[in-house]
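Beneath this line is the structure, given in structure tokens, with notes to follow.
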Amino acid sequence: VNLTSSLEELTQKLEDDYYDNEYDFQLDLYKLISSAYDGHLVYIPDIVGVFQFLRVKSIADSSSNGSIQAGNLFSLMSVVREDDELPSVFAYDDLDAMQGDEDAEYTPSPIEQINGEDVESWLNSYASQNGRSRDPDANYNSLFENLPGNGDIEAGGDTFGHSLLYQGNQTILSFSNGTDRTVSTVATLAVNKTLEGATNGGSFFQRFCNTTYEEKVLQLLQNSGTGSSNTTNPTTTTQVPYEPVSTQSLAPTNDAFPSPIIASVDGNIAGYFPENQLEDLAVLSVPSFLSVQARSVEFENAVRQTLATANANNKTKLVIDLRGNGGGSTFLAYDLFRQLFPSQTPYGAGTYRQQQLFNLTGSTLSANTDALAAQTVNDELYIASFPFNYRSALDAEGNPFESWDSLYDGNENDAGAWTSLVRYNLTEVSDRSIPILGYGNNTMSQPRTFEAENIVMLTDGTCASTCAIFSEFMKSQAGVKSVAVGGRKQTGPMQAVGGTKGSRVLGMAQLYSLVTSAAQAASPDDQLRLLNSFDTSEGNLLTAATKALDRAAPSSDLIVQGGVNFRNNIRQGDDTLTPLQFIYEAADCRFFYTPEMYARQEAIWERVYQWAWGDEDVCIEGSSGLDSSKNGTNYYETDLPDSAGNFFGGNNTIFPRDSLSLAAENGTQTSSGGSSSGTSTGSSGESSQNDGDEGNDEDSENGASVLFTSRAVGLATAFLMGYALIL
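Reminder that position 463 of the sequence shown reads as 463 in the UniProt record's numbering, one-by-one numbering, no gaps.
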């Protein structure tokens, strides 16, 4: 998708008075950004971010304020039954009956149609509209119940059950036994939102659309200050040594999981010794790297204690369960890799697109490093400033750069001009952020617990961002294999990492703060030079970016919901400098879920064990032995499997040569591309607003259109210019 030209088309539609209300425009803007299938590229406008639409089992179990009681979200599962080659889709509520529950008085039947359309066609089309992964198998898996993520809809799992897109008041499921079931849709408010005082379009606008970026951050800081999480769950700041702990199990976090021997408070890391005949197996479940910095040491301690306890109990095989892992803190991936392979140095080199404003910001920050450090800049923002400060970065060989120009003036390929390969200074990272084993003050001694051939990564394709960084370390540097579970109803391979492979997401708010910090830290002459660079014939880019931030929906973690993929990840030794984002890599094996695997997680780990260290052929036909799964392959020349494309309405996922030439033609980098208009024709469902006055007066009694069209034009233009600022 060509984002720039599509944004221009949206602006033209606004100038032509195409939209009846701003909600439909914002929905098209949201769909356009989502159509890039890059989890790092996100912009959620303020109106779109007010509600989520949930499919529920019973409206009666939904509270009056729109929240959903636990267990009321309607979910699906895709499982293969005995003697079947390919899976079928069932209601998740049928799981107990499929497992032979004596209280079940019916025989579960697969779903054949949804809203009168073939179930697979409907689900794949829905996945292409709601998924954010590059890979269609990953988006398909995201439709279903995600047990490792503990059903957390904020983690991106179970998109059939929840969406920002209105899908109608009800969904009709038709089963193969001839019965139908109607599933209702309810709207629920996003976190920290209330309709108090919003009685019409005008008051709705004042409440949700008329708050500046600074005011949003202040409100969220006040809300976070009233919470009790810091007192009920104290954080761990002291690192524990590599020593075993008692194997007395903790309480399981989910009935489908065994009791862990170790688990973090936030549930993002847990160690298991499965209670079966696989006496030499340990499992490290990592459903997320999304630990706040205050809990990073707890995460690292859980890994260290799991490894030490496994060693003490003669566990020689390790399954790393990464299902549902959409990323998180970048440097937890570095530390996890170092704990598994203490003698190896994680590579992690990346490039940035050469761009005038990137160059000006970097040269200004690099020239005023001391002044920047003297500012009240938190560690997260300081770490984010690394690409703009050559003194804090290393080149591909691990040596310091001599100047900003030596970092910026790098390489060219078919997709454009890029900086030099840049690596993190892990010593400085450890001192300012997360303590990585072997760097900074983290000098603890730790042996290697498992051999590379005795480790397997298990994914469902949704692995992205930080998870992709970790997977790259494990595959390319350590030679660890991967196996994928689930995916579309077809044989053939599936990618282990189907989400974004970009190595740095940077929020629009962080970018804004970095640019303003650069200006504040600079000398008067440098300030003038930097600020003048934002003036264009169409207006001031910094002012436009501020408007886009003002009109973005705030999230619950102080990050305005807008961001970009800021850094490419480049494989060590790849002379073509092809971003991993554009490389297809099949897993070493793939198998489908069975009902037992939903009911008992050990069944999945047992299947992985059978493939990796047993003598059973568990792989789906055509899913193993592909060149792209092998370490050391020239991936740029690897053929794309016929089954890899998106056949149900989304942009076709394209890889190496085609994607690079497309990026060069468009002048922007997108993670998935193809021929697409880039915009939809309006809202996907009925609008919740009433008909308004022809003049679209926001202050009218009904206030249906919420905003003047001219303000919507301003938002489109602001986002377009803000997009130009960061790319």
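Quick reminder that beta carbons are idealized off the backbone N, C-alpha and C, glycines included. Keep in mind the model is a prediction, meaning the values are calculated, not measured.
Within the stretch 109 to 190, the complete alpha helix (DSSP H) segments at least 4 residues long are 119 to 130 and 136 to 141, listed from N- to C-terminus. Contact between the stretch 607 to 615 and the stretch 541 to 556 is absent: fewer than 3 CB-CB pairs across the two stretches fall below 8 Å. By the Cβ test, the stretch 466 to 485 is not in contact with the stretch 69 to 79, since fewer than three Cβ pairs between them sit closer than 8 Å. Going by DSSP, L54 is part of the beta strand (DSSP E) stretching over F51 to V56.
Burial check for D83: the Cβ neighbour count within 10 Å stays below 16, so the residue is exposed. Within its own chain, the residues whose Cβ lies closer than 8 Å to the Cβ of L250, once the five positions on either side in sequence are excluded, are S259, P260, I261, I262 and A263, listed in chain order. The C-alpha of A393 is placed about 43 Å away from the C-alpha of S125. For the pair M494 and A522, the Cα-to-Cα distance works out to about 49 Å. Residue pairing by DSSP places N441 in no beta bridge whatsoever. Residue nearest to R567 within the set F386, T185, A333 and C589 is F386 (criterion: CA-CA distance). In this structure, DSSP gives A256 a state outside helix and strand, which the three-state scheme calls coil.
Taking the CA atoms as reference points, N311 sits about 8 Å from P244. Taking all protein chains shown into account, A484 has 16 or more neighbouring C-beta atoms within 10 Å of its C-beta and is therefore buried.
Only residues of its own chain outside the window of five on either side were considered, and among them P108 and P595 have a CB closer than 6 Å to the CB of M98, listed in chain order. At the C-beta level, F341 and N313 stay beyond 8 Å of one another. Residue P579 holds the alpha-carbon nearest to the alpha-carbon of D414 among D137, G197 and P579. Around the C-beta of A519, 16 or more other C-beta atoms lie within 10 Å, and the residue is accordingly described as buried. The residue from A496, L164 and T182 with its alpha-carbon nearest to that of I111 is T182. Note: C589 is bridge-paired with V483 in the DSSP secondary-structure output. Per DSSP, the beta bridge partners of R567 are R504.
Counted as a single uninterrupted DSSP element, the stretch harbouring M474 is not any alpha helix (DSSP H), since DSSP gives it neither H nor E. DSSP places Q495 within a strand segment (E or B) once states are collapsed to three. In terms of Cα proximity to T543, the closest of T212, V56 and Y19 is T212. With contacts defined as CB atoms closer than 8 Å, Y43 and G562 qualify as a contacting pair. In the DSSP assignment, V283 falls within the unbroken beta strand (DSSP E) covering L281 to S285. Around the beta-carbon of Q356, fewer than 16 other beta-carbon atoms lie within 10 Å, marking it exposed. Within its own chain, the residues whose Cβ lies closer than 7 Å to the Cβ of I436, once the five positions on either side in sequence are excluded, are F331, Y334, D335, R338, L426, V429, S430 and N442, listed in chain order. DSSP places T536 in the strand class (E or B) of the three-state scheme. Excluding its 5 nearest sequence neighbours in each direction, S176 has C-beta neighbours in its own chain below 7 Å: S109, P110 and E112, listed in chain order. The closest CA to that of N21, considering only G201, K315, G622 and I455, is found on G201. Apart from the 5 residues on each side of it in sequence, A553 sits with its Cβ closer than 6 Å to the Cβ of I44, D46, G49 and Q561 in its chain, given in chain order. In this structure, the beta-carbon distance from N532 to D38 does not fall below 8 Å. Residue burial is scored here from C-beta neighbours: Y106 has fewer than 16 other C-beta atoms within 10 angstroms and is therefore classed as exposed. Within the same chain, Cβ atoms closer than 7 Å to the Cβ of Y92 are found at S75, L76, M77 and E145, the five residues on either side in sequence being excluded. The beta carbon of A612 sits closer than 6 Å to those of V456, all from its chain and outside the five residues before and after it, given in chain order.
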